[in-house]
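Enquirer:
Protein chains: 2
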Amino acid sequence: MAAVAVVGYGTVGSGVVEIIETHREMLQKKTGKPVYVKYIVDIRDFENDPYGDKIVKDFSVVENDPEVETVVEAIGGRRVAYEFTRRALAAGKNVVTSNKELVAYHAVELFELAKANNVRYMFEASVGGGIPVIRPMSQCLAANEITEICGILNGTTNYILTRMITASLSFDAALKEAQALGYAEADPAADILGHDACRKICILASLAFGTQVLPEEVKIEGITNIAPEDIAFAAAKDCRIKLLGRAKKLENGKIYISVSPFLIPTSCPLSTIDGVFNGVMVHGDSVDDCMFYGRGAGKLPTASAVVADVIDTLRTCGDDRRIEWTAGDSIVSDCRKVAHRYMVRVNGNTDAAYAAAEKLFGEIEVIPCSSVSIFDGAFITAEMAEEKLLDTVEKLTAAGVEVKNQLMLM
Amino acid sequence: MAAVAVVGYGTVGSGVVEIIETHREMLQKKTGKPVYVKYIVDIRDFENDPYGDKIVKDFSVVENDPEVETVVEAIGGRRVAYEFTRRALAAGKNVVTSNKELVAYHAVELFELAKANNVRYMFEASVGGGIPVIRPMSQCLAANEITEICGILNGTTNYILTRMITASLSFDAALKEAQALGYAEADPAADILGHDACRKICILASLAFGTQVLPEEVKIEGITNIAPEDIAFAAAKDCRIKLLGRAKKLENGKIYISVSPFLIPTSCPLSTIDGVFNGVMVHGDSVDDCMFYGRGAGKLPTASAVVADVIDTLRTCGDDRRIEWTAGDSIVSDCRKVAHRYMVRVNGNTDAAYAAAEKLFGEIEVIPCSSVSIFDGAFITAEMAEEKLLDTVEKLTAAGVEVKNQLMLM
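Here the protein sequences line up with chains W and Z, keeping their order. Here the first sequence is numbered in my numbering, starting from 1 and rising by one per residue. Here the second sequence is numbered in my numbering, starting from 1 and rising by one per residue.
1. How is the alpha helix (DSSP H) around Thr-31(Z) delimited, first residue to last?
2. Strictly under 7 Å for the Cβ-Cβ distance: is Ile-311(Z) near chain W by that measure?
3. Report the option in Val-276(W), Glu-386(W) and Ala-247(W) whose CA atom is closest to the CA atom of Glu-177(W).
4. Any beta-carbon of chain Z closer than 7 Å to the one on Gly-130(W)?
5. Nearest to Asp-351(W) by CA position, among Ile-364(W), Ala-125(W) and Ser-14(W), is which residue?
6. Could you confirm whether any beta carbon from chain Z is found closer than 7 Å to the beta carbon of Lys-38(W)?
7. Closest to Glu-101(Z) by CA distance: which of Leu-141(Z), Leu-204(Z) and Tyr-39(Z) is it?
8. Identify the contact partners of Pro-188(Z) in chain W, using a Cβ-Cβ distance below 9 Å as the criterion.
9. Cutting at 8 Å between CB atoms, please list the residues of its own chain near Met-291(W), excluding the five before and the five after it.
10. Identify, in the order they occur along the chain, each residue of the same chain with its Cβ nearer than 7 Å to the Cβ of Glu-56(Z), setting aside the five sequence neighbours on each side.
11. Which runs of the alpha helix (DSSP H), 4 residues or longer, sit entirely within the segment 247 to 303 of chain Z?
12. Across which residues does DSSP place Glu-365(Z) in a beta bridge pair?
13. From the beta carbon of Arg-240(W), is the nearest beta carbon of chain Z less than 7 Å away?
14. Considering only residues of the segment 11 to 78 of chain Z, which uninterrupted beta strand (DSSP E) runs meet the minimum length of 3 residues and lie entirely inside it, listed in chain order?
15. Is the segment 105 to 119 of chain W touching the segment 250 to 257 of chain W in the sense that three or more CB pairs, one from each, lie closer than 8 Å?
16. Measuring CB atoms only, is the segment 132 to 143 of chain W touching the segment 205 to 213 of chain W, in the sense that at least three cross pairs come out at less than 8 Å?
17. Residues of chain Z with a CB under 7 Å from the CB of Asn-144(W): which are they?
18. Can you grab the Cα-Cα spacing for the pair Asn-411(Z) / Ala-74(W), in whole Å?
19. Rounded to whole angstroms, how far is the Cβ of Ala-378(W) from the Cβ of Cys-369(W), which I believe are closer than 8 Å?
20. Going by DSSP in three states, Ala-174(W) sits in which element: helix, strand or coil?
21. Just the Cα atoms here: how many angstroms apart are Met-408(W) and Pro-265(W)?
22. Can you look up Lys-237(W) in the DSSP assignment and give me helix, strand or coil?
23. Where Pro-261(Z) and Asn-158(Z) are concerned, what is the direct C-alpha to C-alpha distance, given to the nearest angstrom?
24. To which residues of the same chain is Gln-28(W) closer than 7 Å at the C-beta, ignoring the five residues directly before and after it?
25. Note down, in chain order, each residue of its chain lying with its Cβ closer than 7 Å to the Cβ of Ala-339(W), except the 5 sequence neighbours on either side.
26. Who pairs with Thr-211(W) in a beta bridge, going by DSSP?
27. Name, please, each residue of chain Z whose Cβ falls closer than 7 Å to the Cβ of Gly-284(W).
28. Anything in chain Z within Cβ reach of Lys-30(W), meaning under 7 Å, just list it in chain order.
29. Give the C-beta separation of Leu-89(Z) and Val-119(Z) to the nearest angstrom, bearing in mind that I take them to be a contact with Cβ-Cβ under 8 Å.
30. Find the nearest neighbour of Pro-432(W) within the set Glu-229(W), Cys-239(W), Gly-222(W) and Val-372(W), judged by alpha-carbon distance.
31. Which of the three DSSP states is assigned to Arg-345(W) in this structure?
32. Mapping the DSSP letters down to three states, classify Ile-201(Z) as helix, strand or coil.
33. How would you call Pro-478(Z), buried or exposed, if buried means at least 16 neighbouring beta carbons within 10 angstroms?
34. Cys-202(Z) and Leu-214(Z) look like a contact to me (Cβ under 8 Å); what is the Cβ gap, rounded to whole Å?
35. Return the first residue and the last residue of the beta strand (DSSP E) that Met-408(W) is part of.
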């Protein structure tokens with residue numbers, strides 16, 4: 001018998017209990033022993049819960065029960081989750097989590113604590129919800145040097161952008177719709193400002209490049225300033241605007257890492273990922289581009305990834321296949337020095353405005369777009385570093401052409 | 001030191017040697033020991049080969065060398081590859097392969113032989129080339145009951161169909177182009193008739209449903225009868241035609257399995273997979289839809305999947321995580337009884353033809369398409385089993401309306 005404890009009985013935690021309890025036969029077949037949820041830890045009361053007999057309020061019951069082999073941490077955040085994870089590992093129990101914040105900030109010390117106690121700390125569900133990403137990257141692509149990761153890592157923002165593109169909604173209208181459907185929270189800041197995607201790209205970059213990258217090192221830009229006019233000009237250029245987490249190895253050995261909206265050509269599979277779906281594209285030196293696609297959030301998809309890790313902890317015997325990284329000097333390069341092409345949207349679709357832009361930017365590619373108002377124009381620049389772009393935008397403004405937005409091309 | 005032998009020095013075999021020999025440091029980091037290619041077995045002569053000193057002609061050298069831990073079988077086919085795989089496993093060596101034909105036909109006995117000798121038989125590269133599919137399905141989706149697999153599993157046919165769609169080429173012209181570019185062989189039969197995709201969907205179905213499915217049990221239809229008019233009518237219906245390997249659990253507990261061209265709605269991510277790329281969509285009861293995308297063939301992508309398996313065989317110690325299935329009574333249902341909607345293309349875009357069709361098929365949906373000649377019409381039927389469809393098509397022909405093609409909708 002293998003006893004599992006689920007700590008935190010919210011959306012993900014209840015999904016984990018549901019999958020384990022309704023797939024008992026399958027889990028026994030895959031682990032070689034019966035698997036069951038022995039405890040559910042939550043300080044709240046749950047009346048008439050079908051698994052009410054398993055609920056305890058005190059984590060130390062789990063900590064002190066030698067029968068519990070694996071603890072699922074489904075609390076979230078960095079406070080209680082951090083403390084309980086440390087205590088579980090120290091008590092010789094494997095810990096499985098979907099907590100991207102805790103993994104992004106504290107993975108290295110938790111890996112070390114797990115190793116010292118001969119147990120494992122696993123986190124497949126922390127990125128991409130139910131989509132297999134962590135294990136494929138570390139095992140299936142093990143023969144590759146990974147050079148770039150590029151992902152739509154947040155379903156809320158992808159839903160909003162998709163609705164702006166397909167239904168011509170404004171940002172505000174699309175956000176309200178997402179909230180009404182339960183895809184966005186009442187306080188949507190963590191999603192729309194890019195912080196959620198930031199934690200996930202940090203985890204992927206740390207895994208791919210072997211050294212911890214912290215959220216504070218990442219340049220973050222959300223989607224709040226994307227206007228319908230940006231969407232329209234992007235479409236005229238055969239592109240769609242998506243919020244991407246990107247991490248790319250540079251020639252100087254360091255990495256470019258950012259969370260930003262990008263114009264993606266419609267020929268790129270990432271451009272076709274719509275609604276709440278997520279997708280992660282990985283470039284390896286041998287395999288070229290691979291992409292993993294699916295539901296990046298939600299009760300059962302996320303719980304399915306958690307339970308896959310639970311199965312792994314229960315059937316592993318003497319295997320030292322650890323998925324981890326180490327701390328070290330920062331590997332993050334100065335983003336402002338990395339060159340991109342930009343779409344610059346200006347106030348006025350006139351020859352005079354484009355002539356002024358050409359004078360300052362050098363060669364530009366004007367985007368013809370009859371479907372946007374005559375008060376908007378847009379052009380694509382040559383490759384230039386962000387600091388140069390900002391400097392030139394300032395000069396263009398001084399020359400009397402108002403710049404309304406600038407967005408990078410992928 | 002871990003010694004590897006590569007048997008068969010063709011495209012994949014030479015890619016494997018290249019990756020192992022140029023990524024030594026990375027392999028050592030991942031396996032905990034230096035990894036090197038000790039032997040390359042091939043009966044052919046290779047003049048001035050950089051790894052010429054490793055080439056031997058006699059497989060028994062490998063078989064009798066206790067230092068060789070893992071053998072890469074990159075011969076292909078079912079004759080010599082079968083014999084050498086058996087001998088290697090019997091000699092206590094792990095075997096890693098990209099040989100879909102051997103896996104599709106002989107996996108069960110090879111799994112048993114591997115287990116009896118306490119070694120492993122691994123085959124990630126046999127489906128989807130470099131795309132991680134086998135391991136994600138069996139490990140990351142372990143908490144799911146998989147209910148459907150649907151994949152673009154053959155790059156040659158996908159290239160041909162893509163060119164027919166995007167460049168309006170005929171089948172013959174697209175095939176010639178694929179041959180000129182090296183994407184299709186001089187004798188393209190195994191690809192264009194669907195046999196290659198068939199072996200792959202057999203492997204995926206066997207893995208997902210736990211019981212061996214043999215290629216002979218699968219209904220196969222290639223792409224040779226797809227005409228530009230089919231492509232045009234599909235486009236008018238917002239669909240693209242792709243060759244799909246499909247395996248789906250039915251209510252009767254058995255499975256539907258086929259290799260056939262399908263009309264796929266452009267809203268489905270599979271429809272956007274173009275050129276030589278492959279994609280596999282998997283539906284699990286908890287995770288919903290996931291998709292894995294990438295290069296389904298080619299020297300380095302395929303070799304990268306082989307080497308990932310090699311790494312796995314070398315670092316596993318005492319782990320019994322076997323990826324396998326067993327033989328058993330056939331789980332394949334009679335395909336002709338499974339209902340689909342069909343696009344039926346007829347000779348003549350006239351009211352009379354559609355009226356005749358409506359009389360026999362019941363309600364139909366005529367596809368308006370001004371870009372196709374007036375000699376072609378097409379309509380979508382309600383759901384019906386294949387045997388009913390064929391019967392009704394016969395009646396329509398008897399009523400004077402020539403049926404030019406019929407294609408299933410996904």
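Ideal placement from N, C-alpha and C gives every residue a C-beta, glycine not left out.
Expert: Reading it off the structure:
1. Here the question's residue 31(Z) lines up with position 31 in the second sequence. Per DSSP, Thr-31(Z) belongs to the alpha helix (DSSP H) from 24 to 31.
2. Indexing the second sequence from 1 puts residue 311(Z) at position 311. It does: the Cβ of Ile-311(Z) has a partner Cβ on chain W nearer than 7 Å.
3. Locating residue 177(W) in the first sequence gives position 177, where the first residue counts as 1. When each option's Cα is compared against that of Glu-177(W), the closest is Val-276(W).
4. Your numbering for residue 130(W) matches position 130 in the first sequence. With 7 Å as the cut-off, Gly-130(W) counts as an interface residue toward chain Z.
5. As a working note, residue 351(W) is residue 351 in the first sequence. Per the C-alpha coordinates, the member of Ile-364(W), Ala-125(W) and Ser-14(W) positioned closest to Asp-351(W) is Ile-364(W).
6. Within the first sequence, the letter at position 38 stands for residue 38(W). With respect to chain Z, the C-beta atom of Lys-38(W) has no partner C-beta closer than 7 Å.
7. Your numbering for residue 101(Z) matches position 101 in the second sequence. For Glu-101(Z), the nearest C-alpha among the options comes from Leu-204(Z).
8. For the purposes of this step, residue 188(Z) is taken as the residue at position 188 of the second sequence. Pro-188(Z) does not reach chain W, its nearest Cβ partner there being about 23 Å away, counting only Cβ pairs nearer than 9 Å.
9. In the first sequence, counting from the first residue as 1, residue 291(W) sits at position 291. Hits under 8 Å: Pro-269, Leu-270, Gly-279, Val-280, Met-281 and Val-282.
10. Position 56 of the second sequence, counting from 1, holds the residue named residue 56(Z). As written in the sequence, residue 56(Z) is Val, which differs from the Glu given in the question. Excluding five sequence positions before and after Val-56(Z), the CB atoms of its chain that fall closer than 7 Å to its own CB belong to Tyr-39 and Val-41, given in chain order.
11. Within the segment 247 to 303 of chain Z, no run of alpha helix (DSSP H) at least 4 residues long lies entirely inside it.
12. As a position in the second sequence, residue 365(Z) is number 365, starting the count at 1. In DSSP, Glu-365(Z) forms a bridge with Ile-380(Z).
13. To locate residue 240(W), count along the first sequence from 1; it is residue 240. No, its Cβ sits nowhere closer than 7 Å to a Cβ of chain Z.
14. Runs found: 35 to 41 and 68 to 73.
15. No, because fewer than three Cβ pairs between the segment 250 to 257 of chain W and the segment 105 to 119 of chain W fall closer than 8 Å, the two stretches do not touch.
16. The segment 132 to 143 of chain W, when compared against the segment 205 to 213 of chain W, does touch it at the 8 Å Cβ threshold.
17. As a first step, residue 144(W) must be located in the first sequence, where it is residue number 144. Ser-304, listed in chain order.
18. Past the boundaries of the shown model lies residue 411(Z); chain Z is included only from 1 to 410, so the question cannot be answered.
19. Position 378 of the first sequence, counting from 1, holds the residue named residue 378(W). Position 369 of the first sequence, counting from 1, holds the residue named residue 369(W). With 8 Å as the limit, Ala-378(W) and Cys-369(W) qualify as a contact, their Cβ atoms being about 7 Å apart.
20. For this step, residue 174(W) is matched to residue 174 along the first sequence. Note: Ala-174(W) maps to helix in three-state DSSP.
21. Here residue 408(W) refers to the residue found at position 408 when the first sequence is read from its first residue. Here residue 265(W) refers to the residue found at position 265 when the first sequence is read from its first residue. Using only the alpha carbons, I get a separation of about 12 Å.
22. If you number the first sequence from 1, residue 237(W) lands on position 237. Reduced to three states, the DSSP call for Lys-237(W) is coil.
23. By 1-based counting over the second sequence, the position of residue 261(Z) is 261. By 1-based counting over the second sequence, the position of residue 158(Z) is 158. Using only the alpha carbons, I get a separation of about 10 Å.
24. Looking up residue 28(W) in the first sequence gives position 28. Excluding residues within five positions, the ones whose Cβ falls inside 7 Å are Pro-34 and Val-35.
25. For the purposes of this step, residue 339(W) is taken as residue 339 along the first sequence, with counting starting at 1. In its chain, beyond the 5 residues on either side, Glu-383, Met-384 and Ala-385 have a beta carbon closer than 7 Å to the beta carbon of Ala-339(W).
26. Indexing the first sequence from 1 puts residue 211(W) at position 211. Looking at the DSSP assignment, Thr-211(W) forms a beta bridge with Thr-326(W).
27. In the first sequence, counting from the first residue as 1, residue 284(W) sits at position 284. Close to Gly-284(W), with beta-carbon spacing below 7 Å, are these residues of chain Z in chain order: Ser-304.
28. Along the first sequence, one-based indexing puts residue 30(W) at 30. Those within 7 Å of Lys-30(W) in chain Z are Ala-142.
29. Here the question's residue 89(Z) lines up with position 89 in the second sequence. Here the question's residue 119(Z) lines up with position 119 in the second sequence. That belief holds up - the Cβ atoms of Leu-89(Z) and Val-119(Z) are roughly 6 Å apart, short of 8 Å.
30. Given that chain W is displayed from residue 1 to residue 410, the structure contains no residue 432(W) and the question cannot be resolved.
31. Taking the first residue of the first sequence as 1, we reach residue 345(W) at position 345. If DSSP states are grouped into helix, strand and coil, Arg-345(W) belongs with the strands.
32. Position 201 of the second sequence holds residue 201(Z). Shown here, Ile-201(Z) sits in a helix according to DSSP, grouped into three states.
33. Lying before the first or after the last residue shown, residue 478(Z) is absent from chain Z, which here runs from 1 to 410.
34. What you label residue 202(Z) is simply residue 202 of the second sequence in a count that begins at 1. What you label residue 214(Z) is simply residue 214 of the second sequence in a count that begins at 1. With 8 Å as the limit, Cys-202(Z) and Leu-214(Z) qualify as a contact, their Cβ atoms being about 6 Å apart.
35. Residue 408(W) sits at position 408 when you count from the first residue of the first sequence. For Met-408(W), the uninterrupted beta strand (DSSP E) run begins and ends at 403 to 409, by DSSP.
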